[in-house]
Amino acid sequence: MDINAIERQSSPGLISGTMLVIATVVGGGMFSLPIAMAGVWFPGASVILIVIAIMMLLTGLMLVEVNLHYGAGASFNTFTQDLLGRKWNIVVGIAFGFVLYILTYAYISGSSAVMAQTVFKYSGFRFPANISVIVVSMLVGVIAWYSSLLVGRITTILIVGKFVAFFATFSGLIGHIEVAKLVDSVAIALPNTQYLPYILMTLPFCIISFGFHGNVPSLVKLYGTPRRIPYYAFHRDWHPVCRAALYLLAGGDDGQHQPRRVFADHCQRRQY
Numbered sequence: 001m002d003i004n005a006i007e008r009q010s011s012p013g014l015i016s017g018t019m020l021v022i023a024t025v026v027g028g029g030m031f032s033l034p035i036a037m038a039g040v041w042f043p044g045a046s047v048i049l050i051v052i053a054i055m056m057l058l059t060g061l062m063l064v065e066v067n068l069h070y071g072a073g074a075s076f077n078t079f080t081q082d083l084l085g086r087k088w089n090i091v092v093g094i095a096f097g098f099v100l101y102i103l104t105y106a107y108i109s110g111s112s113a114v115m116a117q118t119v120f121k122y123s124g125f126r127f128p129a130n131i132s133v134i135v136v137s138m139l140v141g142v143i144a145w146y147s148s149l150l151v152g153r154i155t156t157i158l159i160v161g162k163f164v165a166f167f168a169t170f171s172g173l174i175g176h177i178e179v180a181k182l183v184d185s186v187a188i189a190l191p192n193t194q195y196l197p198y199i200l201m202t203l204p205f206c207i208i209s210f211g212f213h214g215n216v217p218s219l220v221k222l223y224g225t226p227r228r229i230p231y232y233a234f235h236r237d238w239h240p241v242c243r244a245a246l247y248l249l250a251g252g253d254d255g256q257h258q259p260r261r262v263f264a265d266h267c268q269r270r271q272y
């Protein structure tokens, strides 16, 4: 059996590739969207979600095309150094490193806290904060080092569990939706309500929430087949869009505990 046949047998399928990218997209930023998009309400938020998702999909596919010209194993450093020059390469490197550091810090600190609380709940043993951070970092690092295929399979299990928990949590709120509150109709809208000023504020949240571009070099190296990668990007887009739309929809249930009402009260106090 030749090497190419072995690689085809061990290459992850559509589900693993899709889940790897969805895992990058669906995170803390996704859960901040109802607060960040409260100023534009559900209709405007839905339009923004769709537009940003399409934009991020297209820019991601452009990045895939660039990556394919350089071959598997090329990184952002390779692209920017060759196409933009050394100065912009330094700027992009600093920005990229900053974003990755913030994300890594957030997820490691959050995961270590969850692990420490879970262990304490069932065993009574309390992990020191620094030890729990080291344990989580080592565990995730070993899994990623051992096999990208293993990462894909574990991610698939976790994402499926996350989606099940998400729909189990929020689907019950759908029956309590009041359309007038959901669309901020004239009957309940605050006087002189304006939505446009809040659009610019929502864009950074949406762009970060739908960003998967850091995964492109890894996908190209892992799969290597140009025809397959766009499928992962496409599935990556419509899953989070549907999930975020349901999250925003479920937030409009009773006007008392929803993020939009809190935001509206704040605007009224500030006389926006």
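So the sequence shown is numbered by the UniProt record's numbering: it starts at 1 and just counts up by one.
From the three backbone atoms N, C-alpha and C, an ideal C-beta is built for every residue, glycine too.
Source: prediction; values computed, not measured.
By the DSSP assignment, the alpha helix (DSSP H) with residue i in it spans what residues?
i    : result
Q81  : 76-83
A36  : 33-36
Q117 : 86-123
N67  : 41-70
G161 : 148-170
L196 : 196-209
L182 : 179-182
Quick test of your reading: residue i and residue j, contact by CB under 8 Å. State the CB separation rounded to the nearest angstrom.
i    : j    : result
I159 : M19  : 5 Å
A23  : T155 : 5 Å
V21  : K162 : Going by Cβ atoms, the distance from V21 to K162 rounds to 14 Å, so no, they are not a contact pair.
If you drop the 5 nearest sequence neighbours on each side, which residues of the same chain put their C-beta closer than 8 Å to that of residue i?
i    : result
L203 : I48, I52
F234 : The pLDDT assigned to F234 is 49, lower than 50, so where the model puts this residue is not dependable; a value taken from the coordinates is nonetheless given after this. Contacts found: L57.
Q117 : none
L150 : I143
P43  : V183
H69  : none
Tell me which same chain residues have a C-beta within less than 6 Å of the C-beta of residue i, skipping the five on either side of it?
i           : result
residue 281 : Outside the modelled stretch of the chain, which goes from 1 to 272, sits residue 281, for which no answer is possible.
G73         : K221
residue 275 : No statement about residue 275 is possible, as the shown extent of the chain runs from 1 to 272 and does not include it.
G39         : Y198
Once you ignore the five residues that flank residue i on each side, which residues in its own chain have a CB closer than 7 Å to its CB?
i    : result
S75  : P217
N77  : N89, G93
S137 : I108
L63  : H213, V216
G124 : none
With distances taken from CA atoms, which of the options is nearest residue i?
i    : options                : result
S209 : G39, I50, T118         : I50
Y198 : V21, L33, V25, H213    : L33
D82  : A95, N67, I102         : N67
L219 : G60, F205, K121        : G60
A129 : G161, I102, V114       : V114
G110 : V183, R86, F205, V135  : V135
L196 : I131, W41, R153, L173  : W41
V133 : S147, Y146, R153, A106 : A106
I want to see whether chain D comes within less than 7 Å of residue i, judged by CB atoms only; does it?
i   : result
W41 : Of the protein chains in this structure there is only one, and it is not chain D.
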